[in-house]
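Before any comments, here is the structure.
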Amino acid sequence: MVVVDEEGVGGYLLCARDTRAHEAWVEQHWLPGLRADYSLDVDRSPADQEIVELLHSPQIAPDEVVAEFPAHLHIDLLSRCRGRGLGSSLIEGLCSFLTGEGVRGVHLEVGADNEGAIRLYRRLGFVDLGRGASSLYLGRRL
Ligand SMILES: CC(C)(COP(=O)(O)OP(=O)(O)OC[C@H]1O[C@@H](n2cnc3c(N)ncnc32)[C@H](O)[C@@H]1OP(=O)(O)O)[C@@H](O)C(=O)NCCC(=O)NCCS
1 MVVVDEEGVG
11 GYLLCARDTR
21 AHEAWVEQHW
31 LPGLRADYSL
41 DVDRSPADQE
51 IVELLHSPQI
61 APDEVVAEFP
71 AHLHIDLLSR
81 CRGRGLGSSL
91 IEGLCSFLTG
101 EGVRGVHLEV
111 GADNEGAIRL
121 YRRLGFVDLG
131 RGASSLYLGR
141 RL
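Just so we're aligned: the sequence shown equals residues 1 to 142 in our numbering.
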């Protein structure tokens, strides 16, 4: 789903309903071309290198998270679109859709220092599922 206002696109909500199937599709269809285009042994900035390393060694959600919460989501709104209830209503709309599709849970990964977003997710019924290197996994049963 995409948020659009008079200035143009202001945000998105993405979801894969089956995380493992999505990871397999990405590995088969998407990453081979990107790895060929962005090899590891090129001089680039540390920030770019960090992203390129993710193409070669993607982070995979933990089994215990995916088993109970097979869908996952990503949401980002530009600052002009934040704090007006759009994030909450996009996530509620997605959860209703996934429930109708028979999906039993959805998870997300959020930076451990992103306190505002974590507070919002907890208010929307997401519970703590564990920690990544510098992130938290949160999930909501549907
Ligand atoms: C987190 C985010 C999706 C929430 O959507 P939203 O439409 O701003 O949220 P709502 O208006 O429905 O709810 C407001 C709540 O969002 C939280 N929030 C998080 N980041 C915020 C920001 N930059 N501005 C305003 N609210 C923010 C606040 O905690 C607020 O709750 P509060 O009233 O307890 O302070 C959105 O603010 C955003 O995209 N932020 C930047 C990118 C990001 O952090 N993405 C999440 C990565 S997992």
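We put the beta carbon where it would ideally sit given N, CA and C, even for glycine.
In this structure the stretch 70-79 touches the stretch 107-121; the number of beta carbon pairs closer than 8 Å is three or more.
Remark: C-beta atoms of G111 and S96 do not approach each other more closely than 8 Å.
Assignment of beta-bridge partners to S135 by DSSP yields G111.
Distance between Q59 and E27, taken at the CA atoms: about 12 Å. Boundaries of the alpha helix (DSSP H) harbouring I51: 46-56, taken from the DSSP string.
Looking at the backbone, the Cα of G10 and that of G87 are separated by about 11 Å. Pairing L124 with G139 gives a Cβ-Cβ distance that is not under 8 Å.
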